[in-house]
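Visitor: The structure's right below; bear with me while I get my questions together.
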Amino acid sequence: MREGLLPMPLYEYRCVDCGPFDVSAPMSDVRPTTACPACAAESLRAVTAPRLGRGRTAAMRVLDSTARTASEPAVVSGAIPGSPRTPPRPVTTDPRHRMLPRP
Ligand SMILES: [Zn+2]
0 MREGLLPMPL YEYRCVDCGP FDVSAPMSDV RPTTACPACA AESLRAVTAP RLGRGRTAAM
60 RVLDSTARTA SEPAVVSGAI PGSPRTPPRP VTTDPRHRML PRP
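In numbering that gives the first Met the number 0, the protein residues as written are 0 to 102.
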């Protein structure tokens, strides 16, 4: 895998004058201070969790919805609309069994 394709975590820095800004850098190259992109002042890194993803992926949404159904199952009040109801299959096809008493 090429270096450019690797996702890099985002780190938050805070400029005293301009406020917070994000810097994307490899974990091995994180510095405690960096220059503000607006005023070039030396800015301290804020203590935050590194944001490794670029938002919620499809896999994260599926995992979240699956975990939610475990604690909050959807209430089912009937058959799924549009699903055909299959008639019960006869237990036997022997014509003599039709004469037996039925419950
Ligand atoms: Zn600044």
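For every residue, glycine included, the Cβ atom is placed at its ideal position computed from N, Cα and C.
Tell me which residues pass a beta-carbon proximity test against ligand 1: closer than 7 Å to any heavy atom, given in chain order.
Guide: C14, D16, C17, C35, A37, C38, A40, S42
Visitor: Given a cut-off of 8 Å, decide if A48 and C17 are closer than it, judged by their beta-carbon atoms.
Guide: no
Visitor: Buried or exposed: S42, going by 16 or more other Cβ atoms within 10 Å of its Cβ?
Guide: buried
Visitor: List, from N- to C-terminal side, the beta strand (DSSP E) runs of 3 residues or more that fit wholly inside the stretch 7–93.
Guide: Entirely contained in the stretch 7–93, the beta strand (DSSP E) runs reaching 3 residues are, in chain order, 9–14, 18–23, 32–34, 41–44.
Visitor: Please report the Cβ distance between A45 and E11, rounded to the nearest whole angstrom; I am assuming they are in contact, meaning their Cβ atoms lie under 8 Å.
Guide: With a Cβ gap of about 4 Å, A45 and E11 count as contacting.
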